[in-house]
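Numbering (our numbering), first residue to last: 1 to 422.
Laid out in structure tokens, this is it:
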């Protein structure tokens, strides 16, 4: 199945017109099943299941709007709410309105798992689930009894292999390999050099570290590790330790608050080295802090999308600012948009096939082999592989909408292409 990115209203209007011509969506189910993936009903030609009534398709969002990824969570949630509003204004999906049930877990493990268990029986799919550790924690449950499609805002390789959990983008290990390849090709790192890596303990940081260690072994580099907790925000000790080791570059596998501290401390102590982060290590609000000069000088991000200020993202960005005029543009807008767009495309395809159930959505996702994101093409057909191996290299820019510009277009390094998977 090949799909192109598009403005939701126009896209769903066309999809709905097609659906109206199909008997698959001409008879509405009255199923309000509360029991996970089972208990589906057939009404006329259309089979329905959890999260689907005769008038509504309910989706779930498990987000962080009060913890370390609050800015990211707010952007993802707001753009998904905007998307739902536009889809419904255009006629909905399969003659039904979309509803998005949102829970803020604040990046707290107990709250995240509790919120998942609360929403899971009542949704068709999750277009948002922030937090690699928490998605990983429910993976066995998802693969076993729940079988609920999830597009996670988490890119740890431990999530690969599930037919129900998907990521729009490269995994952290692949992304880090591409980042280090960029440091070698454009910043002159060479055999014998040291790279400092400051990373969160847990799935996110440790998966990124795996990629760094693989790249370092292949290139004759040494990784100097500094593990931190998500609650650690003052990076003075970590950056000072890396300076003592005379590192030639720093990789950040943490959040925006840590990135600001790392860049600021490095500049203050005279550690003039390139710094590159994984996709969630930057927020444009950082450019209003004292760290801004350092970020504008030496800082980069590896991501699986062009920046939100790019011309390719203009329609999405303009719609978002029209809906939320006081909001700050960041790449969470694109992450949220792409995720819910994938789920809604799959739901429409499932409707067209007469099977608006979790199983039907999962089958539709498995047929989506060329989904056009913002600057990157994604393939969801093989659960053992990420949707792409490509990374765009982004750089902060105070004048750009969203605070970033594309420094290097999407590419996959030879090292990432050959990276072995178990």
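We put the CB at the ideal spot given by N, CA and C, even for glycine.
From the DSSP output, read off the bridge partner residues of residue 104.
63.
Within 10 Å of its beta-carbon, does residue 45 have 16 or more other beta-carbons around it, so buried, or fewer, so exposed?
Under this definition residue 45 is an exposed residue.
Beta-carbon within less than 6 Å of residue 366's beta-carbon, same chain only, minus the 5 sequence neighbours each way: which residues are those?
Closer than 6 Å at Cβ, skipping near neighbours: 381.
In the DSSP output, which residue or residues are listed as bridge partners for residue 56?
DSSP lists 97 as the bridge partner or partners of residue 56.
Counterpart residues of residue 408 in DSSP-defined beta bridges:
Per DSSP, 393.
Measuring only the C-alpha atoms, how far is residue 312 from residue 374?
Separation of residue 312 and residue 374 (C-alpha to C-alpha, rounded to the nearest whole angstrom) is 6 Å.
Are there 16 or more other CB atoms within 10 angstroms of the CB of residue 64, so buried, or fewer, so exposed?
Buried is the label assigned to residue 64, since at least 16 other Cβ atoms lie within 10 Å of its Cβ.
Which value, in whole angstroms, describes the spacing of the CA atoms of residue 316 and residue 241?
Going from the Cα of residue 316 to the Cα of residue 241 covers about 42 Å.
Rounded to a whole number of angstroms, what is the C-alpha to C-alpha distance between residue 272 and residue 148?
Between residue 272 and residue 148, the C-alpha separation is close to 47 Å.
Selected residue, minimal CA-CA separation from residue 195, among 388, 221, 181
Measuring from the Cα of residue 195, the nearest candidate turns out to be 221.
Please classify residue 256: is it buried, with 16 or more other beta-carbons within 10 angstroms of its beta-carbon, or exposed?
When all chains shown are included, residue 256 counts as buried.
Could you work out which residue in 99, 70, 69 is closest to residue 83 when comparing CA atoms only?
The shortest C-alpha separation from residue 83 is found at 99.
Quick check on this structure: which residue in 270, 246, 236 has the alpha carbon closest to the alpha carbon of residue 262?
With distances taken between Cα atoms, residue 262 lies closest to 236.
Whole-angstrom distance between residue 91 and residue 421, CA atom to CA atom:
If you take the alpha carbons of residue 421 and residue 91, they lie about 43 Å apart.
Cβ of residue 96 within 8 Å of Cβ of residue 57?
Yes, the Cβ-Cβ distance between residue 96 and residue 57 is below 8 Å.
Pairing CB atoms from the segment 402-411 with CB atoms from the segment 191-211, are three or more of them under 8 Å?
No, because fewer than three Cβ pairs between the segment 402-411 and the segment 191-211 fall closer than 8 Å, the two stretches do not touch.
Just curious, the alpha helix (DSSP H) that residue 233 is in, first and last residue?
Annotation for residue 233: no alpha helix (DSSP H) segment contains it, and DSSP assigns it neither H nor E.
Would you mind working out which of 323, 378, 322 sits nearest residue 341, comparing C-alpha positions?
Nearest of 323, 378, 322 to residue 341, Cα basis: 378.
How is the alpha helix (DSSP H) around residue 226 delimited, first residue to last?
It is not in any alpha helix (DSSP H) - residue 226 instead sits in the beta strand (DSSP E) that spans 222-228.
For residue 340, which of helix, strand or coil comes out of DSSP?
When DSSP states are grouped into helix, strand and coil, residue 340 belongs to the helix group.
Taking its Cβ as the centre, do 16 or more other Cβ atoms sit within 10 Å of residue 31, making it buried, or is it exposed?
The predicted model places residue 31 with a pLDDT of 41, which falls under 50 and marks its position as unreliable, so this point remains unresolved.
Specify whether the segment 182-189 and the segment 145-165 touch according to this definition: at least 3 beta carbon pairs, one from each stretch, less than 8 Å apart.
No, because fewer than three Cβ pairs between the segment 182-189 and the segment 145-165 fall closer than 8 Å, the two stretches do not touch.
Apart from the five residues on each side of it in sequence, which residues of its chain come closer than 7 Å, Cβ to Cβ, to residue 234?
261, listed in sequence order.
For the alpha helix (DSSP H) that residue 291 lies in, which residues bound it at each end?
For residue 291, there is no enclosing alpha helix (DSSP H), as DSSP marks it with neither H nor E.
Looking at residue 177 and residue 415, is the spacing between their C-beta atoms short of 8 Å?
Yes; because the gap between Cβ atoms is below 8 Å, this pair is in contact.
To which residues of the same chain is residue 280 closer than 7 Å at the C-beta, ignoring the five residues directly before and after it?
Closer than 7 Å at the Cβ level, and outside the excluded window around residue 280, lie 69, 72, 255.
Host alpha helix (DSSP H) of residue 262 (start-end):
Counting along the chain, the unbroken alpha helix (DSSP H) around residue 262 starts and ends at 256-268.
Do residue 387 and residue 303 have their CB atoms nearer than 8 Å?
Taking 8 Å as the Cβ cut-off, residue 387 and residue 303 do not qualify as a contacting pair.
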